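Just below is one structure, and these are the notes that go with it.
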Amino acid sequence: MSFLVRLVINAIAIWLAAAWVNGIEIASSDKGTGYDILVVLFIALVFTVVNAFIKPFVQLLSLPLLILTLGLFTLVINALMLLLTSWITDSTEFGISVDGFWTAVWGALIISLVNFVLSAVVPSSKN
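Residue numbers 402 to 528, in our numbering, belong to the letters of the sequence shown in order.
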């Protein structure tokens, strides 16, 4: 159940980042709102998998930079994960496109803030 909650939170965060940041575009069509929701959920699934499997290795390799910047380098890592998600999904019709690195940084900042707020609001299943 925790994975589904994380998936929905990531979907909302990605959708808000695409709505608020110029240069982040989610592939949409005239097939209806249900189709657009599936597109955002697919992007969130790829983003969640990238964050679960690739991000820990990148953080481990960049540990000296994380320590030196007191954790601010995490924002750069999050931007790189968003760019990787864009690269993976760009070849499908369920894709997200990010115009560049600085656009990814702003998108990662919004995604991180929305994830923080929604994770604080949604009750945890851990007791």
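All residues carry an ideal CB built from backbone N, CA and C; glycine is no exception. Bear in mind the structure is a predicted one, so any value in this text is a computation, not a measurement.
Exercise. May I have the straight-line CA-CA distance separating Tyr436 from Ile468, to the nearest angstrom?
Key: 42 Å
Self-check item: Beta-carbon gap between Leu446 and Leu476 smaller than 8 Å
Solution: no
Quiz prompt | Leu417 versus Pro465 - alpha carbon distance | solution = If you take the alpha carbons of Leu417 and Pro465, they lie about 32 Å apart.
Practice problem: Leaving aside the five residues before and after Lys432 along the sequence, list all residues of the same chain whose C-beta is less than 6 Å from its C-beta, in chain order. | Solution: none
Quiz prompt | Within the segment 414-462, ranges of the alpha helix (DSSP H) (whole runs, at least 4 residues) | solution = 434-454, 456-462
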